[in-house]
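Each residue of the sequence shown is one higher than the one before, starting from 1 at the first, in the UniProt record's numbering. Ideal Cβ placement from N, Cα and C applies to all residues, glycine included. These figures come from a predicted structure and were not determined experimentally. Structure record follows, encoded as structure tokens.
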Amino acid sequence: MRILSRSRIIISGRYLDMDHFIIFNENIEDFIIKENTTVYQFSKAVGVSGQSVANWLQHNGYPDTESANKIANYLRVSLDFLFGLSDSPKPNNDANDLPFLEKFDLLRKKNRVSCYAVAKECSFGESAISKWRKGKQPKLENVIQIAKYFGCSLDYLIGKKY
């Protein structure tokens, strides 16, 4: 990890907004302390590996979208709250059954922007979008940037269910 400024860091060669990364870690740490539990107990209850949680708490990457969903469900908060995109922990009810890629394309068409424009503005390559079209799940840090770009919730983009 390399800190670029107060608001951006590089992890594994990728630019990430430090605020979202730190807030995610703080939310997990706060819960573990408040509930007087261990990383292992938390990870077992959530259904993710203890090593993954330990890595996240050491500022070593983001969870994937499935793990983030599990954590938000366990903590009974929205994904937006978990990552500091909203001050309200109340889950959003704007999720639906459309896959991520369909939501991405709907937002893109509604806002009349190209894949290239979104990729450039959100600091990821167009090749990421090609991979999504071939069935690969988007990285959570990309989904966060897309949500911010389009002004929508992570819950909507990922399709979080409560």
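Query, Result
"Proximity below 8 Å, CB of proline 89 to CB of phenylalanine 81", "yes"
"Cα-Cα separation, isoleucine 158 to alanine 72", "12 Å"
"Valine 48 versus glycine 61 - alpha carbon distance", "14 Å"
"The region 111-126 / the region 27-43 touching (three or more Cβ pairs under 8 Å)", "no"
"Leucine 106, buried or exposed, once every other Cβ within 10 Å from all chains shown has been counted against 16", "exposed"
"Unbroken alpha helix (DSSP H) run spanning phenylalanine 124, endpoints", "Unbroken run through phenylalanine 124: none, as it is neither H nor E."
"Secondary structure of cysteine 152, DSSP reduced to three states", "coil"
"Proximal residues to glycine 50 (C-beta, below 7 Å), its chain only, five neighbours per side dropped", "Val39, Tyr40, Ser43"
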